[in-house]
Amino acid sequence: MQLLLNTTSPYARIARIALAEKGHANIGTTVVDPWADAPPLLEANAAARVPALLTDEGRPLTESLLIVLWLENRKPQPSLLGNDPTGTISRAGIAMGVIDAAVHTLIGRKVTDPAFDESPVGLRRRRTMVQGLLRLEADPPSYDAGTPDLSVIASVVALDYVRFRFPNAAWMPELPKLSSLAARMGSHASFETSFPRA
Ligand SMILES: N[C@@H](CCC(=O)N[C@@H](CS)C(=O)NCC(=O)O)C(=O)O
Numbered sequence: 120m121q122l123l124l125n126t127t128s129p130y131a132r133i134a135r136i137a138l139a140e141k142g143h144a145n146i147g148t149t150v151v152d153p154w155a156d157a158p159p160l161l162e163a164n165a166a167a168r169v170p171a172l173l174t175d176e177g178r179p180l181t182e183s184l185l186i187v188l189w190l191e192n193r194k195p196q197p198s199l200l201g202n203d204p205t206g207t208i209s210r211a212g213i214a215m216g217v218i219d220a221a222v223h224t225l226i227g228r229k230v231t232d233p234a235f236d237e238s239p240v241g242l243r244r245r246r247t248m249v250q251g252l253l254r255l256e257a258d259p260p261s262y263d264a265g266t267p268d269l270s271v272i273a274s275v276v277a278l279d280y281v282r283f284r285f286p287n288a289a290w291m292p293e294l295p296k297l298s299s300l301a302a303r304m305g306s307h308a309s310f311e312t313s314f315p316r317a
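The opening position of the sequence shown corresponds to residue 120 in the numbering used here, with each subsequent residue numbered one higher.
If you want it as structure tokens, here you go:
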């Protein structure tokens, strides 16, 4: 298997962490710049986005959560759905909303200009980040030991990404519970090795 990724994408980080937790920590990786239309990425993904996973059968898989779904199906244990799959998927959905809003804000800056953040759509995306994080803070995913579930993965990836892209943002709320979860997961190998870096 081969994973096409970049070192900042929260979607690629979810796929990386899920692969590692499913026993594929040493999978081959190729770092690509999705905005440079790298030929291997274009071949694997018509949408030219990371992550893309090339299976051993030579089949390209795209979309972070579909890669997780494929992994769950291929190797059900350890499960990434935890003891309460409905709660896990519900919280993971909130975290994905935060991730989408953050990435969309970065893309909005590319499409228009830095003023995107304060535009009506930019403020809507910011509200999504703040409200999504506050909802997760009010009902945080829990981690005891062993394999983190998808809600832990997506929530920590979301928080780390928002902090990475919007450092010192005045609009970021206090998030003591999520922060302590992120700090704890930061020393878990799959999270540590995939921490976003420019
Ligand atoms: N829904 C996709 C989103 C993937 C995505 O948007 N990746 C970004 C990097 S964060 C990308 O490659 N963007 C390039 C582009 O939009 O053209 C997923 O879950 O994998």
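C-beta atoms are modelled at their ideal positions from N, C-alpha and C, and glycine is treated no differently.
For the beta strand (DSSP E) containing residue i, list its first residue and its last residue.
i           : result
residue 147 : 147-150
residue 124 : 121-124
residue 181 : 179-181
Roughly how many angstroms separate the alpha carbons of residue i and residue j, rounded to a whole number?
i           : j           : result
residue 130 : residue 226 : 15 Å
residue 229 : residue 221 : 13 Å
Tell me which residues share the same chain as residue i and place their Cβ nearer than 7 Å to its Cβ, disregarding the 5 neighbours each side in the sequence.
i           : result
residue 313 : 132, 135 and 136
residue 297 : 252, 255, 256, 259, 274 and 278
Once you ignore the five residues that flank residue i on each side, which residues in its own chain have a CB closer than 6 Å to its CB?
i           : result
residue 139 : 309
residue 270 : 207, 210, 211 and 260
residue 246 : none
residue 262 : 271
Excluding the 5 residues preceding and the 5 following residue i in the sequence, name in chain order all residues of the same chain whose CB lies nearer than 8 Å to its CB.
i           : result
residue 283 : 127 and 315
residue 149 : 121, 122, 123, 124 and 159
residue 195 : none
residue 191 : 198, 199 and 200
residue 112 : Residue 112 is absent from the structure shown; the chain starts at 120 and stops at 317.
Terminal residues of the continuous alpha helix (DSSP H) containing residue i?
i           : result
residue 225 : 204-230
residue 279 : 269-284
residue 245 : 239-257
residue 194 : Run containing residue 194: none; DSSP gives neither H nor E here.
Check the DSSP bridge columns for residue i and list the partner residues they point to.
i           : result
residue 173 : 121 and 179
Just to check, is the beta-carbon of residue i closer than 7 Å to a non-hydrogen atom of ligand 2?
i           : result
residue 281 : Inclusion of ligand 2 in the displayed structure is not the case, the ligand content consisting of ligand 1 alone.
Does the structure place the region 172-183 close enough to the region 229-236 that three or more beta carbon pairs sit under 8 Å? no
Answer yes if the region 161-169 comes into contact with the region 216-230, meaning at least three C-beta pairs across the two stretches below 8 Å, and no otherwise. no
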